[in-house]
Amino acid sequence: MSQSGDRLKAVYDEVVGRNPGEEEFHQAVREVLENLGPVVEKHAAFADTALIRRLCEPERQIIFRVPWVDDDGRPQLNRGFRVEFNSALGPYKGGLRFHPSVYLGIVKFLGFEQIFKNSLTGLPIGGAKGGSDFDPKGRSDAEVMRFCQSFMTELYRHLGEHTDVPAGDTGVGRREIGYLFGQYKRITNRYELGVLTGKGLTWGGSQVRTEATGYGLVFFVEEMLRAAGDSLDGAKVVVSGSGNVAVYAIEKVHQLGGSVVACSDSGGFVVDEDGIDLDLLREIKEQRRGRVSDYADARGGKVRYVEGESIWSVPCDVALPCATQNELDEAGAEQLAGHGCRVVAEGANMPTTPGAIRVLRDAGISFAPGKAANAGGVATSALEMQQNAARDVWTFEQTEQRLGEIMRAVHDRCLETAEEYGSPGDYVAGANIAGFLRVAEAMLALGHV
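Residue numbers (this note's numbering): 234 to 682.
Dropping the structure here:
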């Protein structure tokens, strides 16, 4: 191992020692540090790794209790989190996740990833993440409202359009953002639209925000294929998941001439060789709150439903993991390689395991990490902040055009940086190094703070 490799390993060992048991956070840090060797060797300012150590430590970690009362009058208790990781480039920016799996390690992994994702967009936003182990599924609107009001009663003191601007994530949609913003407005007596993004269109939200992560992912894939002399036209695509990111990725793939032949949920996956009927999928998932197995039932003999197995067994040209972290493992990557998949791009946050990434690389499959490929969501959140600050409203077409420009710039930034630092075609190295350099230069400019 080189001297730079030894120094970076020492940083990683320190992170593990300071943050025991937080495996997702450890994985996220390791995946970035593995690519920073050439940067440490080239730039004297990073040679002692002091700045890198500082980058791996959140500026602020907020943990608080969230008491609330259910519809039966029983007191309930959850835990809330906000990890304000890095503000060198701008106010903290990153979503809130409400899900039983949320704990400090998950929030830190997401916040750390957010630093680089936000940096890659080229927009003036820092990195943060937050949430709670509260599960909104099965709860009434009144229960969700009371929880959100209690959550915001503590969190509001840490927020502000120039300080920290949360958005939605898993379990936090427009309903939750509305309740959170209402309580923020009530407590502060300010109609500070820019303090939250993902708002409804009639009260400060942005066009394309709902579609942004899925659309942006496909814009990025389109650029990957173009760089390889290929296109989405006629491509067979597999998308894991069937939530917001997956649905809008499917929509944009179909608009650009590809065909999504499979999607999934936690129970299994469906294969529809004629292409997923998006209207039917939306009706089942959004209106009926159903499962993809219901989609198969509705389509009859035209569709195959497979329970409890890997969607990556379905032959495809492009694979888009859009469900959850570490969903694509080595076995799944080997299946993709075995049937000639050409491109894998992450719609979810860190859905591909390190072992799977190695398999994809060895097989010559072009792979794009989430911090680059799914940056469209936060980019459009920043566009919402821009519209709020200007008291302006953009059209759908204006906003989608701007999103496309940002995603093409992110793609080119990754590819050019990978080339410059000796890893041509490696989107992982390009994303990690490009994201690091922009935030690191800002940290150096601001001093040791």
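Backbone N, C-alpha and C fix where the C-beta goes; we use that ideal spot for every residue, glycine too.
Over the uninterrupted alpha helix (DSSP H) stretch that includes residue i, give me the two end residues.
i, result
"E455", "445–460"
"V493", "Element bounds for V493: not the alpha helix (DSSP H) but the beta strand (DSSP E), 492–498."
"L553", "Not the alpha helix (DSSP H): L553 falls in the beta strand (DSSP E), residues 551–554."
"D527", "525–532"
"D512", "511–515"
"V480", "477–488"
"G411", "407–421"
Give the straight-line distance between the Cα atoms of residue i and residue j, rounded to the nearest whole angstrom.
i, j, result
"M457", "R298", "44 Å"
"D527", "E652", "46 Å"
"F384", "Y412", "10 Å"
"A677", "G250", "Rather than Ala, the amino acid found at residue 677 in this sequence is Leu. Those two C-alpha atoms are separated by around 26 Å."
"Y417", "V428", "9 Å"
"P548", "N351", "33 Å"
"V273", "Y245", "15 Å"
"F279", "L322", "18 Å"
"T585", "D562", "6 Å"
"Y660", "N582", "15 Å"
"Q620", "R315", "25 Å"
"H572", "L241", "37 Å"
"P324", "Y538", "45 Å"
"F380", "I295", "18 Å"
"R442", "Q347", "17 Å"
"D305", "V335", "25 Å"
"P657", "Y424", "48 Å"
"N311", "Q382", "13 Å"
"E633", "V493", "21 Å"
"R524", "K518", "6 Å"
"K326", "P399", "6 Å"
"G437", "N477", "20 Å"
"V577", "S599", "6 Å"
"L636", "E484", "16 Å"
Cutting at 7 Å between CB atoms, please list the residues of its own chain near residue i, excluding the five before and the five after it.
i, result
"A482", "G447, L450, V451, V472, L553, C555, G580"
"E540", "G500, G501"
"D507", "K535"
"V255", "The amino acid occupying residue 255 in the given sequence is Glu; Val does not appear at that position. L337, G338, K341, listed in sequence order."
"N268", "V661, A662, N665, I666"
"Q558", "E257, A581, N582, M583, P584"
"A675", "A321, L322"
"V626", "Q620"
"A375", "D304"
"V410", "Contrary to the premise, residue 410 reads as Ile rather than Val in this sequence. Closer than 7 Å at Cβ, skipping near neighbours: G401, L429, G431, K432."
Please list the terminal residues of the continuous beta strand (DSSP E) segment that includes residue i.
i, result
"K469", "469–473"
"E540", "537–540"
"G393", "Taken as a continuous stretch (DSSP letters only), G393 belongs to no beta strand (DSSP E), as it is neither H nor E."
"G501", "501–504"
Does residue i come out as helix, strand or coil in the three-state DSSP assignment?
i, result
"T585", "strand"
"D625", "coil"
"L561", "strand"
"G238", "helix"
"V576", "strand"
"V547", "coil"
"G437", "coil"
"A427", "In the sequence on display, residue 427 carries Gly and not Ala. Three-state result, G427: helix."
"G404", "coil"
"L569", "helix"
"V432", "Rather than Val, the amino acid found at residue 432 in this sequence is Lys. Reduced to three states, the DSSP call for K432 is coil."
"G250", "helix"
Quick one: what's got a C-beta closer than 6 Å to residue i's C-beta in the same chain, skipping five residues either side?
i, result
"V248", "V262, C289"
"L569", "W545, A552"
"V643", "L353, A605, A608"
"R646", "A667"
"I339", "E257"
"R407", "G433"
"T396", "P324"
"P291", "V316, F318"
"G565", "S543, W545"
"V486", "V451, V470, V493"
Cutting at 8 Å between CB atoms, please list the residues of its own chain near residue i, excluding the five before and the five after it.
i, result
"D466", "L489, G490, G491"
"T421", "Y389"
"I639", "T354, G355, L356, G449, A608, G609, A612"
"F349", "V265, G360, K604, A664, N665, G668, F669, V672"
"A495", "V471, V472, F502, V503, V504, D505, I509, I544, V547, C549"
Verify the CB distance criterion: does residue i have a CB-CB separation below 8 Å to chain B?
i, result
"L434", "Given the protein chain composition of this structure (a single chain), no chain B is represented."
ask   = What beta strand (DSSP E) runs, 3 residues minimum, are completely inside the region 332–383?
value = 360–365
request  = Tell me the start and end of each unbroken alpha helix (DSSP H) in the region 252–339 that is at least 4 residues and wholly inside, in chain order.
outcome  = 256–266, 270–275, 283–288
ask   = Curious, which full-length alpha helix (DSSP H) runs of at least 4 residues does the region 633–682 contain?
value = 660–679
query = Which runs of the alpha helix (DSSP H) fall wholly inside the region 590–617 and span at least 4 residues, in chain order?
reply = 603–606
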